[in-house]
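Per my numbering: the sequence shown = residues 1 to 343.
Each residue gets a CB set at the ideal place from its N, CA and C atoms; glycine is no exception.
Here the structure is a predicted model, which is why all the values come from computation and not from measurement.
Structure first, then comments.
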Amino acid sequence: MEKIVIVLVLLLSFAEASAQEKRIAVLPFKNLMQKQDLNWLSEAIPETITAKLGSIRGVSLIERAQLDKAFQEMGLQKAGVVDESTAVKAGKIAGVDIVVIGAFQVVGDEVRITARFVEVQTGKVLSTADERKSFREMYALQDAVAFSLAESLQKALKIVATGAESEDVKKEKPTVASLPPGKASDYYSKGYDYKWNKKDPDKAIEYYQKAVSIDPKTENALFELGYAYNEKGEYQKAIGYYSKVVALNPMAKDAFNNIGLAYSRLNDHQNAEKWYKKSLDIDPNYTLALNGIGLVAWKAKKYKEAEVWYKKAIQSDPKYYMAYYNMGILYEDTKQYAESKDY
């Protein structure tokens with residue numbers, strides 16, 4: 001769990017269906033409403049999707065520099081690609097098998113994100129995702145699109161690998177309710193379904209706990225329990241589950257980070273900073289942890305220290321808008337109003 005991601009067990013089997021890794025490029029998303037203040041989403045959404053897909057075996061995500069070169073050769077601006085023909089051309093120049101293209105639009109307080117896989121060789125759309133939420137749930141919305149694409153990736157790669165759908169792919173995808181009982185992976189998948197599709201976090205917790213009771217080393221379910229209890233405000237429970245994750249996986253930087261977040265919400269600044277720094281020991285450029293330490297320092301009114309950490313977060317990811325927002329708050333608190341407005 002080097003990235004914040006749920007990797008369904010059914011996804012882990014697709015590597016055998018392909019003789020080699022499939023190279024995938026996630027292109028900038030189109031801002032359909034042409035609202036300039038939302039242009040940051042054109043890159044932020046692909047970053048989230050890249051993080052999710054990059055953690056799946058059998059997939060190789062190309063570097064952003066190769067994408068930039070493809071757009072330069074085509075004489076295009078990176079304003080987002082929504083038509084298959086342009087995506088295929090960019091994919092061929094970048095030397096990939098599949099491209100992810102998509103768009104977003106904001107109407108009132110609702111954001112809708114659409115995305116699809118396009119096979120470069122044929123121009124065929126292999127799978128799609130369509131999610132919508134309120135703007136306040138932007139992070140969850142980006143995750144939902146990424147998870148939806150990840151779930152369909154097994155089928156997409158089987159099509160690319162064989163040139164036709166195998167018999168098991170042709171069959172209607174079973175619902176999680178029809179999965180055979182008794183396996184931790186089955187209950188984990190049910191929890192996933194209740195979290196994202198049925199929007200019932202309490203029922204999701206029930207299934208995650210069942211998965212862990214069957215197999216105490218079900219790392220993804222443990223992580224999801226930590227996340228769920230963090231969101232419910234039961235921070236000590238969250239810390240307990242995340243601690244089990246890091247005991248199983250000492251490189252789980254997201255779990256270390258989220259323990260820091262739980263302690264921060266408990267206003268335990270010392271422990272929050274300690275766990276954020278454990279995350280940074282694994283990845284010194286981990287934006288969430290850099291921003292988290294900044295928040296801890298800000299809460300303690302250590303404004304100069306907070307400023308340093310926020311700037312590091314921005315340097316790590318210039319598209320991470322929360323660090324700019326937090327800098328704006330910091331400068332407002334210190335009566336530096338011009339700087340606050342800028343951030």
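Neighbourhood of Thr218 by C-beta, 7 Å cutoff - its chain only, sequence neighbours within 5 removed: Along the sequence shown, read from residue 1 onward, the residue named residue 218 stands at position 218. For Thr218, where only same-chain residues beyond five positions count, the Cβ hits under 7 Å are Ala184, Tyr188, Ala211, Val212.
Separation of Asp215 from Tyr343, as counted between CA atoms: For this step, residue 343 is matched to residue 343 along the sequence shown. For this step, residue 215 is matched to residue 215 along the sequence shown. Tyr343 and Asp215 have their C-alpha atoms roughly 47 Å apart.
Three-state class that DSSP yields for Gln121 in the structure shown: Locating residue 121 in the sequence shown gives position 121, counting from the first residue. Reduced to three states, the DSSP call for Gln121 is coil.
Secondary structure of Gln34, DSSP reduced to three states: Your numbering for residue 34 matches position 34 in the sequence shown. In the three-state scheme derived from DSSP, where H, G and I count as helix and E and B as strand, Gln34 is classed as coil.
For Thr122 and Glu73, the rounded distance between their alpha carbons: On the sequence shown, residue 73 is found 73 positions in, with the first residue counted as 1. On the sequence shown, residue 122 is found 122 positions in, with the first residue counted as 1. So the two alpha carbons sit approximately 21 Å from each other.
Reference Ile293, options Lys274, Glu47, Gln315, Met251, closest by Cα: As a working mapping, residue 293 is identified with position 293 in the sequence shown. The candidate whose alpha carbon is nearest that of Ile293 is Lys274.
Segments of 4+ residues assigned as alpha helix (DSSP H) that fall wholly inside the segment 216-266: For the segment 216-266, whole alpha helix (DSSP H) runs of length 4 or above, ordered along the chain, are 219-232, 235-248, 253-265.
Where Val308 falls: helix, strand or coil (DSSP): Taking the sequence shown and counting its residues from 1, the one referred to as residue 308 is at position 308. If DSSP states are grouped into helix, strand and coil, Val308 belongs with the helices.
Residues bridged to Asp130 [DSSP beta-bridge criterion]: Here the question's residue 130 lines up with position 130 in the sequence shown. Asp130 pairs with Thr114.
Top-ranked residue by Cα proximity to Gln209, from Ala238, Lys198, Gln315, Leu222: Residue mapping note: residue 209 aligns to position 209 of the sequence shown, counting from 1. Ranked by Cα distance from Gln209, the first of Ala238, Lys198, Gln315, Leu222 is Leu222.
Straight-line Cα distance separating Asp200 from Lys190: Taking the sequence shown and counting its residues from 1, the one referred to as residue 190 is at position 190. Taking the sequence shown and counting its residues from 1, the one referred to as residue 200 is at position 200. Between the C-alpha atoms of Lys190 and Asp200 there is a straight-line separation of about 11 Å.
Beta-carbon proximity of Ala272 to Tyr235, cut-off 7 Å: Here residue 272 corresponds to residue number 272 of the sequence shown, with the count starting at 1. Here residue 235 corresponds to residue number 235 of the sequence shown, with the count starting at 1. Result no, Cβ atoms of Ala272 and Tyr235 do not sit closer than 7 Å.
Cβ neighbours of Val246 in the same chain (closer than 7 Å, five flanking residues each side left out): Position 246 of the sequence shown, counted from the start, is the residue given in the question as residue 246. So the list reads Ala252, Ala255, Phe256, once near-sequence residues are dropped.
Enclosing alpha helix (DSSP H) for Ala25 [first to last residue]: Position 25 of the sequence shown, counted from the first residue, corresponds to residue 25. Here Ala25 belongs to no alpha helix (DSSP H); instead the beta strand (DSSP E) covers 22-26.
Of the residues Val125, Trp298, Leu295, Lys312, the one placed nearest Asp283, counting alpha carbons only: In the sequence shown, residue 283 corresponds to position 283, counting from 1. Closest by alpha carbon: Lys312.
Leu27 vs Ile101 beta-carbon contact at 7 Å: Walking along the sequence shown from the start, residue 27 turns up at place 27. Walking along the sequence shown from the start, residue 101 turns up at place 101. Less than 7 Å divides the Cβ of Leu27 from the Cβ of Ile101.
Cβ-Cβ distance between Ile24 and Val59 below 7 Å: Position 24 of the sequence shown, counting from 1, holds the residue named residue 24. Position 59 of the sequence shown, counting from 1, holds the residue named residue 59. Yes, the pair counts as a contact, with Cβ atoms nearer than the cut-off.
Sub-7 Å separation of Tyr192 and Lys203 beta-carbons: The residue given as residue 192 occupies position 192 in the sequence shown. The residue given as residue 203 occupies position 203 in the sequence shown. Cβ distance not < 7 Å, so Tyr192 and Lys203 don't count as in contact.
Pick from Val118, Ala70, Ala297, Lys22 that is closest to Trp309, judged by C-alpha positions: Translated into positions along the sequence shown, residue 309 becomes position 309. That would be Ala297, whose Cα lies nearest to the Cα of Trp309.
Local conformation of Ala103 per DSSP, three classes: Taking the sequence shown and counting its residues from 1, one reaches residue 103 at position 103. Reduced to three states, the DSSP call for Ala103 is strand.
Secondary structure of Val212, DSSP reduced to three states: For the purposes of this step, residue 212 is taken as the residue at position 212 of the sequence shown. Secondary structure at Val212: helix, using DSSP grouped into helix, strand and coil.
Proximity of Leu149 and Ala115 at Cβ, strictly below 7 Å: By 1-based counting over the sequence shown, the position of residue 149 is 149. By 1-based counting over the sequence shown, the position of residue 115 is 115. Result yes, Cβ atoms of Leu149 and Ala115 sit closer than 7 Å.
DSSP state of Ile62 mapped onto helix, strand, coil: As a first step, residue 62 is located in the sequence shown; it is residue number 62 there, counting from the start. Coil at Ile62, not helix or strand.
Proximal residues to Tyr331 (C-beta, below 6 Å), its chain only, five neighbours per side dropped: Counted from its first residue, the sequence shown places residue 331 at position 331. For Tyr331, where only same-chain residues beyond five positions count, the Cβ hits under 6 Å are Glu339, Ser340.
Counted within 10 angstroms of its Cβ, other Cβ atoms place Gln270 as buried (16 or more) or exposed: By 1-based counting over the sequence shown, the position of residue 270 is 270. When all chains shown are included, Gln270 counts as exposed.
Chain-order list of residues whose beta-carbon lies under 6 Å from that of Tyr242 (same chain, five-residue window excluded): Locating residue 242 in the sequence shown gives position 242, where the first residue counts as 1. Answer for Tyr242: Gly226, Ala255, Asn258, Ile259, listed in chain order.
Cβ-based burial, Ser85 [other Cβ within 10 Å; buried from 16]: If you number the sequence shown from 1, residue 85 lands on position 85. Exposed, by the Cβ-count rule.
Lys278 versus Glu307: straight-line alpha-carbon distance, rounded: As a position in the sequence shown, residue 278 is number 278, starting the count at 1. As a position in the sequence shown, residue 307 is number 307, starting the count at 1. Roughly 20 Å between the two C-alpha positions.
Spatial distance of Tyr358 from Glu110 (CA atoms): Beyond the ends of the chain as shown, which are 1 and 343, falls residue 358; an answer cannot be given.
Length at least 4, wholly inside the segment 181-210: the alpha helix (DSSP H) runs in chain order: Entirely contained in the segment 181-210, the alpha helix (DSSP H) runs reaching 4 residues are, in chain order, 184-196.
Identity of the residue in Lys69, Gly328, Tyr321, Tyr337 nearest Met138 by Cα: For the purposes of this step, residue 138 is taken as residue 138 along the sequence shown, with counting starting at 1. Ranking Lys69, Gly328, Tyr321, Tyr337 by CA distance to the CA of Met138 puts Tyr321 first.
Local Cβ density within 10 Å of Asp130, reported as buried at 16 or more and exposed below that: Counted from its first residue, the sequence shown places residue 130 at position 130. An exposed status is given to Asp130, since fewer than 16 other beta-carbon atoms sit within 10 Å of its beta-carbon.
Close beta carbons around Ile205, own chain, < 7 Å, minus the five adjacent residues each side: Counting from 1 along the sequence shown, the entry for residue 205 is found at position 205. Closer than 7 Å at the Cβ level, and outside the excluded window around Ile205, lie Leu225, Ala228.
Test item: CB-CB of Gly91 and Val125 under 7 Å: The residue labelled residue 91 in the question sits at position 91 within the sequence shown. The residue labelled residue 125 in the question sits at position 125 within the sequence shown. At least 7 Å separates the beta-carbon of Gly91 from that of Val125.
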